[in-house]
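K.L.:
Protein chains in written order, with the numbering used here: chain B, 11 to 258; chain C, 9 to 319. Even for Gly, the Cβ is constructed at its ideal location relative to N, Cα and C.
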Amino acid sequence: MRWLLCLLFVSGWMLQTPSLAEEPLVVAPATSDVRITTDFAGTTIQAVGAMSKSGELIIKLVGPKQQATLSRETKVGPFWVEGERVKMEEAPSLLFLYATSPIASILSPEDQQKYGLILEGVWVRVEPQLKAHAASDWRKAFFRLKEKQGYYHEDDRAIRVFGNRLFIADMRLPGDLQVGTYTVETLLVKSGKVVGHTVGSFKVRLSGIERWVWNEAHDRSWLFGSLFTLLCMLVGLALNAFPLRRTH
Amino acid sequence: MEFFLPIAHMDVNIVLISLYGALVGFLSGLVGVGGGFLITPLLIFSGIPPIVAVSSGAAQMTGTASGASYLHWRHGNIDFKMGLTLLIGSWLGGGFGVYLAKLLLRAGQFGNVVVFLYVILLGIIGVSMLIESVRAVARAGKPGAGTAAAPAKPKSLLRDWMQRLPWQTSYPASGVRMSVVGPLLLGAAVGILTSLMGVGGGFIMVPVMIYVLKMPTKIVVGTSLFQLLFTTAAVSIMQAGINHSVDPFLALILILGSVLGTKLGARLGARLPAEKLRLILALVVVAVAVKMVVTLLIPPGDIYAMTIEVR
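1) Could you tell me which residues DSSP pairs with B/Gln122 in its beta bridges?
2) Within its chain, find whatever has a CB closer than 7 angstroms to the CB of C/Ala156; leave out the 5 residues flanking it on each side and keep chain order.
3) Mind checking if B/Gly73 is an interface residue toward chain C, Cβ cutoff 9 angstroms exclusive?
4) Using CA coordinates, which residue listed in B/Asp180, B/Val91, B/Glu226 is at the minimum distance from B/Leu107?
5) Kindly list the residues whose CB is nearer than 8 angstroms to the CB of C/Ala196, restricted to its own chain and excluding five residues on each side of it in sequence; keep chain order.
6) Identify each residue in the stretch 61 to 85 of chain B for which the Cβ-Cβ distance to at least one residue of chain C is less than 7 angstroms, and report them in chain order.
7) Interface residues of chain B around C/His252 at Cβ under 7 angstroms?
8) Using the C-alpha atoms, what's the distance from C/Phe257 back to B/Ser103?
9) Can you find at least 3 beta carbon pairs, one from the stretch 226 to 241 of chain C and one from the stretch 69 to 85 of chain C, that sit closer than 8 angstroms?
10) Which residue from C/Ser54, C/Ala290, C/Val62, C/Leu38 puts its Cα closest to that of C/Leu280?
11) Look at the Cβ atom of B/Glu220, then the Cβ atom of B/Thr53, and state whether they are nearer than 9 angstroms.
12) Cβ of C/Thr231 less than 9 angstroms from any chain B Cβ?
13) Does C/Gln247 get closer than 9 angstroms to chain B when you measure Cβ to Cβ?
14) For a contact meaning CB atoms closer than 9 angstroms, what does B/Ala151 contact in chain C?
15) Check each residue of the stretch 193 to 220 of chain B: if its Cβ is closer than 9 angstroms to any Cβ of chain D, include it; give the result in chain order.
16) What span of residues does the beta strand (DSSP E) with B/Gln76 cover, start to end?
17) Per DSSP, what are the beta-bridge partners of B/Tyr192 in this structure?
18) Per DSSP, which residues does C/Asn21 bridge with? Please list them.
19) Counting only Cβ-Cβ distances shorter than 7 angstroms, please list the residues of the stretch 87 to 117 of chain B near chain C, keeping chain order.
20) Under 9 angstroms, Cβ to Cβ, is there at least one residue of chain B near C/Ala267?
21) Are the beta-carbon atoms belonging to C/Ser36 and C/Gly249 less than 9 angstroms from one another?
22) Evaluate the contact criterion for the stretch 13 to 29 of chain C versus the stretch 203 to 214 of chain C: three or more CB pairs, one atom per stretch, below 8 angstroms.
23) Does the beta carbon of B/Trp133 sit closer than 9 angstroms to a beta carbon anywhere in chain C?
24) Just verifying my parser: in three-state terms, what is the DSSP assignment at B/Lys70?
25) Residues bridged to C/Gln176 by DSSP?
26) Is there a C-beta anywhere in chain B that falls below 9 angstroms from the one on C/Tyr78?
27) Assuming C/Ala290 contacts C/Gly43 (C-beta within less than 8 angstroms), just tell me the rounded distance between them.
28) Mind listing the chain C neighbours of B/Ala51? Cutoff is C-beta to C-beta under 7 angstroms, in chain order.
29) Strictly below 7 angstroms CB to CB, what residues from chain C border B/Ser236?
30) Cβ of C/Leu100 less than 9 angstroms from any chain B Cβ?
31) Please check if any C-beta of chain B sits within less than 9 angstroms of the C-beta of C/Leu204.
32) Of all the CB atoms in chain B, is at least one closer than 9 angstroms to the CB of C/Pro49?
33) Kindly indicate which three-state DSSP category B/Met61 falls into: helix, strand or coil?
34) Answer yes if the stretch 48 to 68 of chain B comes into contact with the stretch 78 to 91 of chain B, meaning at least three C-beta pairs across the two stretches below 8 angstroms, and no otherwise.
35) In terms of residue numbering, what span does the alpha helix (DSSP H) encompassing B/Glu130 cover?
36) Would B/Leu244 and C/Ser74 qualify as a contact pair, given that the criterion is a beta-carbon distance under 9 angstroms?
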């Protein structure tokens, strides 16, 4: 029912604002904030919008950049141990591509490249000392792991279109999210050309006690460590010693 | 029931982690061991980064050791002079160990070192405990077992060597005289193990204090706990200060689980024969060691693995 209300809201919004009604593509802000709390296990963000003419839609959700370290297990004698490690920088923590049809059938490879719509074409900085062929192996492994873990994926059935004008996309975010700014790019494609393009964003942030713990553990780490260790001692005493003392 | 850990930056099942704490506490109550050597591998098997598992394990042991230390202090079972000598050693060793952990983390070898240390230590301890407890169970089944004489102890070369060391001093509470170098070295070894493995080191400390330092068993347990409490506390503070790796939620869940498990284990332990309890523990230790060896021997499904730097 919520999506229906959203659609009504978008339709009303377009009709009331003449300049917006002339825009080829309007997307209502899905959310401005996702807060990670103790019980956060992922959430669904909805992108709701309207298009002035029928066409194909593509929505690109990009997470903040992150630094990842890839390691490769090697065999030493009979044992499999962690061997070489390579840093992969500048890659988005999350990349979801949603479309009304397979993207390759909507846009030319050049336009896909131009708008960053190829999962494995995302820019990732691999440690510069690696030779080109080695860097390519690590890059392939990076994309494979990201897709396997569900952080990079493409879905051509996630956008629902109503009456060739209104649309809604459900974007399921996983539980382990990188904090930072996420951008949502929406493209309207007609006859293989991009005729509408909007960019929005929302923030993912640690909230409540998680945020406080993270900040204290990094900004005042010695004080945090000392006080928390003292707390552990007191909790242990309270749970262990005092009940026993009463019984003896 | 998923729960977000802010320092490990991952979701864990709160019921599973509490059960781990309870299992280790249960064994602790059943046979009187600290259980630190079990909690770290269990957390690593759950996908928690080794450095967070080791550091939060140290914080958890501070919590579980404080209650027990308090009770031993009230009963006068702590040799404070010996405890402080051991502590100086373990703090120095612990500081060195935390620094070593930082270097190993930078080189990407921390996980390898921890797993191999566990395989070696758990293997040696588990197999020797298993042999000893199988023999004890067999002896207990034979008639006249209760009156059988204990096997003669071999002459300790280590003890002879320690008597020749400088700075000999007496420890009146334990009724022994020895060089401070011995307890300092013992403390340092345990401190390094606490930093690298998240263990209290009781499984090394207690036999050495009984058989090498010749301290009375009652004083050994109290003094070992006193040393364990302040060593794990110092390591917990240093890991939080230097490596930012103590996850408070993880440590608190483990403390709550282990306290409950300890009480249950202690109740059951009072009803079961000691040799069978030691056999149970030996089997658990061997099982964990075997699981770790199998992990090292089986080719991984994907030779690549990814670690995300959380900022």
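P.N.:
Straight from the coordinates:
1) Taking the first residue of the first sequence as 1, we reach residue 122 of chain B at position 112. DSSP lists no partner for B/Gln122.
2) Taking the first residue of the second sequence as 1, we reach residue 156 of chain C at position 148. The pLDDT assigned to C/Ala156 is 46, lower than 50, so where the model puts this residue is not dependable; a value taken from the coordinates is nonetheless given after this. The residues are Arg147.
3) Here residue 73 of chain B refers to the residue found at position 63 of the first sequence. No - not a single Cβ of chain C is within 9 angstroms of the one on B/Gly73.
4) In the first sequence, counting from the first residue as 1, residue 107 of chain B sits at position 97. Of B/Asp180, B/Val91, B/Glu226, the residue nearest in Cα terms is B/Asp180.
5) Against the second sequence, residue 196 of chain C aligns to sequence position 188. The residues are Gly97, Ser98, Leu100, Gly101, Phe104.
6) Gln76, Gln77, Ala78, Thr79, Leu80, Ser81, Arg82, Glu83
7) On the second sequence, residue 252 of chain C is found 244 positions in, with the first residue counted as 1. Ala227, His228, Ser231, listed in chain order.
8) As a working mapping, residue 103 of chain B is identified with position 93 in the first sequence. As a working mapping, residue 257 of chain C is identified with position 249 in the second sequence. Their Cα atoms are separated by approximately 25 angstroms.
9) yes
10) Position 272 of the second sequence, counted from the first residue, corresponds to residue 280 of chain C. The candidate whose alpha carbon is nearest that of C/Leu280 is C/Leu38.
11) As a first step, residue 220 of chain B must be located in the first sequence, where it is residue number 210. As a first step, residue 53 of chain B must be located in the first sequence, where it is residue number 43. Not a contact, by the Cβ cut-off of 9 angstroms.
12) Position 223 of the second sequence, counting from 1, holds the residue named residue 231 of chain C. Taking Cβ atoms only, chain B never reaches closer than 9 angstroms to C/Thr231, which makes this a no.
13) For the purposes of this step, residue 247 of chain C is taken as the residue at position 239 of the second sequence. Yes - at least one Cβ of chain B is within 9 angstroms of the one on C/Gln247.
14) One-based indexing of the first sequence puts residue 151 of chain B at position 141. What B/Ala151 touches in chain C: Asp310, Ile311, Tyr312, Met314.
15) This model lacks chain D altogether, as its protein chains are B and C.
16) For this step, residue 76 of chain B is matched to residue 66 along the first sequence. Taken as a continuous stretch (DSSP letters only), the beta strand (DSSP E) holding B/Gln76 covers 75 to 86.
17) Taking the first sequence and counting its residues from 1, one reaches residue 192 of chain B at position 182. In DSSP, B/Tyr192 forms a bridge with B/Phe212.
18) Your numbering for residue 21 of chain C matches position 13 in the second sequence. C/Asn21 pairs with C/Glu10.
19) Pro88, Phe89, Trp90, Val91, Glu92, Arg95
20) As a position in the second sequence, residue 267 of chain C is number 259, starting the count at 1. In the sequence as presented, Ala is not what sits at residue 267 of chain C; that position holds Val. Chain B, which has a Cβ nearer than 9 angstroms to the Cβ of C/Val267, makes this yes.
21) In the second sequence, counting from the first residue as 1, residue 36 of chain C sits at position 28. In the second sequence, counting from the first residue as 1, residue 249 of chain C sits at position 241. No, these two residues do not count as a Cβ contact at 9 angstroms.
22) no
23) On the first sequence, position 123 is the one that residue 133 of chain B refers to. No, its Cβ sits nowhere closer than 9 angstroms to a Cβ of chain C.
24) Counting from one through the first sequence, the residue named residue 70 of chain B turns up at place 60. B/Lys70: strand per DSSP, three-state reduction.
25) Residue 176 of chain C sits at position 168 when you count from the first residue of the second sequence. Answer is C/Ser187, bridged to C/Gln176.
26) Counting from one through the second sequence, the residue named residue 78 of chain C turns up at place 70. Yes - at least one Cβ of chain B is within 9 angstroms of the one on C/Tyr78.
27) By one-based count along the second sequence, residue 290 of chain C stands at place 282. By one-based count along the second sequence, residue 43 of chain C stands at place 35. In fact, because the Cβ distance is near 14 angstroms, the residues do not count as touching under 8 angstroms.
28) The count along the first sequence starts at 1 and reaches residue 51 of chain B at position 41. The contacting residues are Glu10, Asp19.
29) Indexing the first sequence from 1 puts residue 236 of chain B at position 226. The answer, in chain order, is Ile245.
30) Taking the second sequence and counting its residues from 1, one reaches residue 100 of chain C at position 92. For C/Leu100, the answer is no, since every Cβ of chain B falls outside 9 angstroms of its Cβ.
31) As a working note, residue 204 of chain C is residue 196 in the second sequence. Chain B, which has no Cβ nearer than 9 angstroms to the Cβ of C/Leu204, makes this no.
32) Reading the second sequence from its first residue, position 41 is the one you call residue 49 of chain C. Answer no: the Cβ-Cβ gap between C/Pro49 and chain B never drops below 9 angstroms.
33) What you label residue 61 of chain B is simply residue 51 of the first sequence in a count that begins at 1. It is a strand residue.
34) no
35) In the first sequence, counting from the first residue as 1, residue 130 of chain B sits at position 120. It is not in any alpha helix (DSSP H) - B/Glu130 carries neither H nor E in the DSSP assignment.
36) On the first sequence, residue 244 of chain B is found 234 positions in, with the first residue counted as 1. On the second sequence, residue 74 of chain C is found 66 positions in, with the first residue counted as 1. Going by C-beta atoms, B/Leu244 is nearer than 9 angstroms to C/Ser74.
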